[in-house]
Amino acid sequence: MAPRRAAALRDGGEQSLRAHLIATAERLISERGTAGLTVRGIARAAGVADGVLYNHFADKEELLAHALRARVRAVERALGELPEPGGGTIEGNLRAYLVHGLDLHRAILPAFAGLLAQPEVLARFADLVRPGDDWRDRLIGYLRAERELGRLAPDAPVEPAARMLVGVCHETVLSRLLRHAGAPDAAPASPDEIDAVVAAVLRGIGR
3 MAPRRAAALR DGGEQSLRAH LIATAERLIS ERGTAGLTVR GIARAAGVAD
53 GVLYNHFADK EELLAHALRA RVRAVERALG ELPEPGGGTI EGNLRAYLVH
103 GLDLHRAILP AFAGLLAQPE VLARFADLVR PGDDWRDRLI GYLRAERELG
153 RLAPDAPVEP AARMLVGVCH ETVLSRLLRH AGAPDAAPAS PDEIDAVVAA
203 VLRGIGR
(Lines of atoms letter the chains of each structure in order from A and count residues from 1; the text may use other names and numbers.)
(Lines give C-alpha, C1' and ligand atoms only; values in the text may rest on other atoms or scores of the structure.)
Protein backbone atom coordinates (compact mmCIF):
# COMPACT_ATOMS: atom_id res chain seq x y z
CA MET A 1 0.00 0.00 0.00
CA ALA A 2 1.45 3.36 -1.00
CA PRO A 3 2.35 5.68 1.91
CA ARG A 4 -0.06 8.52 2.56
CA ARG A 5 1.18 11.78 1.06
CA ALA A 6 2.33 14.36 3.56
CA ALA A 7 0.04 17.34 4.00
CA ALA A 8 2.80 19.57 2.64
CA LEU A 9 2.68 17.66 -0.66
CA ARG A 10 -1.07 17.61 -1.29
CA ASP A 11 -1.20 20.97 -3.05
CA GLY A 12 0.12 19.65 -6.35
CA GLY A 13 3.79 20.39 -5.84
CA GLU A 14 6.46 18.52 -7.78
CA GLN A 15 8.55 17.62 -4.75
CA SER A 16 8.66 13.88 -4.04
CA LEU A 17 8.07 12.57 -0.54
CA ARG A 18 11.69 11.42 -0.36
CA ALA A 19 12.90 14.92 -1.29
CA HIS A 20 10.42 16.41 1.20
CA LEU A 21 11.85 14.28 4.00
CA ILE A 22 15.42 15.27 3.10
CA ALA A 23 14.45 18.94 2.95
CA THR A 24 12.67 18.71 6.30
CA ALA A 25 15.65 17.05 7.97
CA GLU A 26 17.98 19.63 6.39
CA ARG A 27 15.82 22.44 7.80
CA LEU A 28 15.90 20.88 11.26
CA ILE A 29 19.69 20.58 11.07
CA SER A 30 19.87 24.25 10.11
CA GLU A 31 17.62 25.29 12.99
CA ARG A 32 18.64 22.90 15.77
CA GLY A 33 21.76 21.03 14.73
CA THR A 34 22.07 17.26 14.53
CA ALA A 35 22.38 16.34 18.21
CA GLY A 36 19.20 14.68 19.39
CA LEU A 37 17.59 14.62 15.95
CA THR A 38 15.19 11.66 15.91
CA VAL A 39 13.08 9.81 13.35
CA ARG A 40 9.97 10.86 15.25
CA GLY A 41 11.01 14.51 15.23
CA ILE A 42 11.71 14.47 11.50
CA ALA A 43 8.46 12.65 10.74
CA ARG A 44 6.37 15.08 12.77
CA ALA A 45 8.04 18.09 11.15
CA ALA A 46 7.42 16.52 7.72
CA GLY A 47 3.78 15.76 8.51
CA VAL A 48 4.05 11.98 8.08
CA ALA A 49 3.86 8.89 10.27
CA ASP A 50 7.12 7.66 11.75
CA GLY A 51 7.22 4.51 9.61
CA VAL A 52 6.93 6.41 6.33
CA LEU A 53 10.64 7.28 6.49
CA TYR A 54 11.50 3.61 6.08
CA ASN A 55 9.58 3.43 2.80
CA HIS A 56 12.15 5.81 1.31
CA PHE A 57 15.35 5.21 3.28
CA ALA A 58 17.05 2.09 4.58
CA ASP A 59 17.40 3.67 8.01
CA LYS A 60 17.77 6.94 9.88
CA GLU A 61 21.48 7.11 9.04
CA GLU A 62 20.79 7.20 5.31
CA LEU A 63 18.28 10.04 5.70
CA LEU A 64 20.63 12.06 7.92
CA ALA A 65 23.51 11.60 5.48
CA HIS A 66 21.41 12.99 2.62
CA ALA A 67 20.13 15.81 4.82
CA LEU A 68 23.66 16.71 5.88
CA ARG A 69 24.74 16.80 2.24
CA ALA A 70 21.78 19.04 1.44
CA ARG A 71 22.77 21.31 4.31
CA VAL A 72 26.34 21.65 3.01
CA ARG A 73 25.08 22.44 -0.49
CA ALA A 74 22.66 25.05 0.87
CA VAL A 75 25.48 26.79 2.73
CA GLU A 76 27.72 26.67 -0.35
CA ARG A 77 25.01 28.24 -2.52
CA ALA A 78 24.54 31.03 0.00
CA LEU A 79 28.28 31.77 -0.01
CA GLY A 80 28.30 32.41 -3.76
CA GLU A 81 30.68 31.51 -6.57
CA LEU A 82 34.41 30.95 -6.20
CA PRO A 83 36.99 32.67 -8.45
CA GLU A 84 37.81 31.07 -11.79
CA PRO A 85 41.41 30.31 -12.85
CA GLY A 86 43.04 33.06 -14.88
CA GLY A 87 40.90 35.88 -13.53
CA GLY A 88 41.83 38.52 -10.99
CA THR A 89 45.02 38.06 -8.98
CA ILE A 90 46.28 34.88 -7.36
CA GLU A 91 46.45 36.68 -4.02
CA GLY A 92 42.90 37.95 -4.25
CA ASN A 93 41.58 34.61 -5.43
CA LEU A 94 43.28 32.66 -2.66
CA ARG A 95 41.89 35.12 -0.16
CA ALA A 96 38.39 34.54 -1.58
CA TYR A 97 38.87 30.76 -1.35
CA LEU A 98 40.08 31.00 2.24
CA VAL A 99 37.24 33.28 3.34
CA HIS A 100 34.78 30.94 1.62
CA GLY A 101 36.32 27.93 3.36
CA LEU A 102 36.26 29.60 6.77
CA ASP A 103 32.62 30.63 6.39
CA LEU A 104 31.69 27.17 5.12
CA HIS A 105 33.38 25.35 7.98
CA ARG A 106 31.98 27.78 10.54
CA ALA A 107 28.45 27.12 9.27
CA ILE A 108 28.58 23.32 8.98
CA LEU A 109 30.97 22.21 11.70
CA PRO A 110 28.37 22.28 14.51
CA ALA A 111 26.24 19.83 12.51
CA PHE A 112 29.18 17.46 12.03
CA ALA A 113 30.19 17.80 15.69
CA GLY A 114 26.73 16.64 16.72
CA LEU A 115 27.27 13.40 14.78
CA LEU A 116 30.60 12.35 16.29
CA ALA A 117 28.81 9.61 18.21
CA GLN A 118 27.18 8.41 14.95
CA PRO A 119 30.12 7.51 12.69
CA GLU A 120 27.84 5.57 10.32
CA VAL A 121 26.12 8.83 9.32
CA LEU A 122 29.46 10.47 8.61
CA ALA A 123 30.65 7.46 6.60
CA ARG A 124 27.51 7.52 4.46
CA PHE A 125 27.84 11.27 4.00
CA ALA A 126 31.39 10.74 2.72
CA ASP A 127 30.05 8.18 0.22
CA LEU A 128 27.70 10.83 -1.21
CA VAL A 129 30.51 13.29 -1.97
CA ARG A 130 31.80 12.93 -5.51
CA PRO A 131 35.40 13.78 -6.48
CA GLY A 132 35.68 17.47 -7.29
CA ASP A 133 32.40 18.21 -5.53
CA ASP A 134 33.57 19.85 -2.33
CA TRP A 135 35.43 23.06 -1.51
CA ARG A 136 38.77 21.32 -0.93
CA ASP A 137 38.68 19.59 -4.31
CA ARG A 138 37.71 22.83 -6.05
CA LEU A 139 40.60 24.60 -4.32
CA ILE A 140 43.08 21.98 -5.55
CA GLY A 141 41.57 22.14 -9.03
CA TYR A 142 41.89 25.92 -9.05
CA LEU A 143 45.56 25.82 -8.01
CA ARG A 144 46.38 23.15 -10.60
CA ALA A 145 44.72 25.23 -13.31
CA GLU A 146 46.65 28.34 -12.32
CA ARG A 147 49.87 26.32 -12.43
CA GLU A 148 49.02 25.12 -15.94
CA LEU A 149 48.32 28.71 -16.97
CA GLY A 150 51.79 29.69 -15.81
CA ARG A 151 50.55 31.98 -13.06
CA LEU A 152 52.18 29.76 -10.43
CA ALA A 153 55.64 28.24 -10.37
CA PRO A 154 55.93 25.20 -12.68
CA ASP A 155 56.78 22.99 -9.70
CA ALA A 156 54.35 24.65 -7.28
CA PRO A 157 53.30 22.08 -4.64
CA VAL A 158 49.60 22.80 -4.92
CA GLU A 159 48.34 19.84 -2.88
CA PRO A 160 50.39 20.77 0.23
CA ALA A 161 49.32 24.39 -0.25
CA ALA A 162 45.67 23.30 -0.32
CA ARG A 163 46.17 21.19 2.79
CA MET A 164 47.60 24.22 4.55
CA LEU A 165 44.52 26.30 3.72
CA VAL A 166 42.16 23.48 4.74
CA GLY A 167 44.08 23.09 7.99
CA VAL A 168 43.75 26.78 8.74
CA CYS A 169 39.97 26.48 8.32
CA HIS A 170 39.80 23.49 10.65
CA GLU A 171 42.05 25.02 13.30
CA THR A 172 40.42 28.43 13.26
CA VAL A 173 36.85 27.18 13.46
CA LEU A 174 37.52 24.36 15.93
CA SER A 175 39.44 26.57 18.33
CA ARG A 176 36.70 29.20 18.33
CA LEU A 177 33.95 26.63 18.77
CA LEU A 178 35.77 25.12 21.74
CA ARG A 179 36.37 28.50 23.36
CA HIS A 180 32.74 29.50 22.86
CA ALA A 181 31.19 26.21 24.00
CA GLY A 182 30.17 25.29 20.49
CA ALA A 183 28.54 28.61 19.56
CA PRO A 184 28.22 28.69 15.74
CA ASP A 185 28.39 32.50 15.67
CA ALA A 186 31.97 32.73 16.95
CA ALA A 187 34.01 35.54 15.37
CA PRO A 188 35.78 34.61 12.13
CA ALA A 189 39.49 35.01 11.48
CA SER A 190 40.60 38.61 11.19
CA PRO A 191 41.56 40.14 7.81
CA ASP A 192 45.19 40.36 8.98
CA GLU A 193 45.23 36.65 9.85
CA ILE A 194 43.78 35.77 6.45
CA ASP A 195 46.28 37.98 4.62
CA ALA A 196 49.17 36.41 6.56
CA VAL A 197 48.09 32.89 5.60
CA VAL A 198 47.68 33.83 1.93
CA ALA A 199 51.12 35.47 1.91
CA ALA A 200 52.69 32.36 3.45
CA VAL A 201 51.08 30.08 0.86
CA LEU A 202 52.14 32.33 -2.03
CA ARG A 203 55.75 32.26 -0.87
CA GLY A 204 55.69 28.51 -1.42
CA ILE A 205 53.87 28.32 -4.75
CA GLY A 206 54.28 31.70 -6.48
CA ARG A 207 56.54 32.41 -9.39
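For the sequence shown, our numbering assigns the number 3 to the initial residue and increments by one for each residue that follows. Ideal Cβ placement from N, Cα and C applies to all residues, glycine included. Source: prediction; values computed, not measured.
Straight-line Cα distance separating residue j from residue i
| i | j | result |
| --- | --- | --- |
| residue 133 | residue 51 | 36 Å |
| residue 94 | residue 112 | 28 Å |
| residue 195 | residue 44 | 40 Å |
| residue 36 | residue 74 | 13 Å |
| residue 48 | residue 20 | 10 Å |
| residue 83 | residue 160 | 21 Å |
| residue 78 | residue 29 | 15 Å |
| residue 24 | residue 120 | 18 Å |
| residue 60 | residue 53 | 11 Å |
| residue 92 | residue 140 | 15 Å |
| residue 106 | residue 171 | 9 Å |
| residue 39 | residue 191 | 30 Å |
| residue 173 | residue 199 | 13 Å |
| residue 145 | residue 152 | 11 Å |
| residue 115 | residue 142 | 25 Å |
| residue 176 | residue 136 | 19 Å |
| residue 193 | residue 22 | 40 Å |
| residue 197 | residue 85 | 17 Å |
| residue 34 | residue 46 | 15 Å |
Cut-off 7 Å between Cβ atoms - residues of its own chain near residue i, not counting five sequence neighbours on either side
| i | result |
| --- | --- |
| residue 138 | 164, 168 |
| residue 147 | 87 |
| residue 69 | 24, 27, 28, 31 |
| residue 81 | 102, 105, 106 |
| residue 126 | 63, 64, 67 |
Three-state class that DSSP yields for residue i in the structure shown
| i | result |
| --- | --- |
| residue 18 | coil |
| residue 172 | helix |
| residue 206 | helix |
| residue 185 | Here residue 185 scores only 48 on pLDDT, less than 50, and its place in the model is too uncertain to base an answer on. |
| residue 162 | helix |
| residue 35 | coil |
| residue 61 | coil |
| residue 177 | helix |
| residue 157 | coil |
| residue 152 | coil |
| residue 24 | helix |
| residue 194 | helix |
| residue 54 | helix |
| residue 1 | Because the chain in this structure spans residues 3 to 209, residue 1 falls outside the shown range and cannot be described. |
| residue 49 | coil |
Same chain, Cβ closer than 8 Å to residue i, five either side skipped, listed in chain order
| i | result |
| --- | --- |
| residue 32 | 73, 76 |
| residue 202 | 166 |
| residue 130 | 67, 68, 71 |
| residue 89 | 95 |
| residue 162 | 206 |
| residue 279 | With the chain running from 3 to 209 in the structure shown, residue 279 is simply not present. |
6 Å Cβ shell around residue i - same chain, five flanking residues per side excluded
| i | result |
| --- | --- |
| residue 123 | 63, 66, 67, 117 |
| residue 154 | 148, 207 |
| residue 108 | 175 |
ask   = Hey, which unbroken runs of the alpha helix (DSSP H) at 4 residues or more fall wholly within the segment 66-134?
value = 92-115, 121-130
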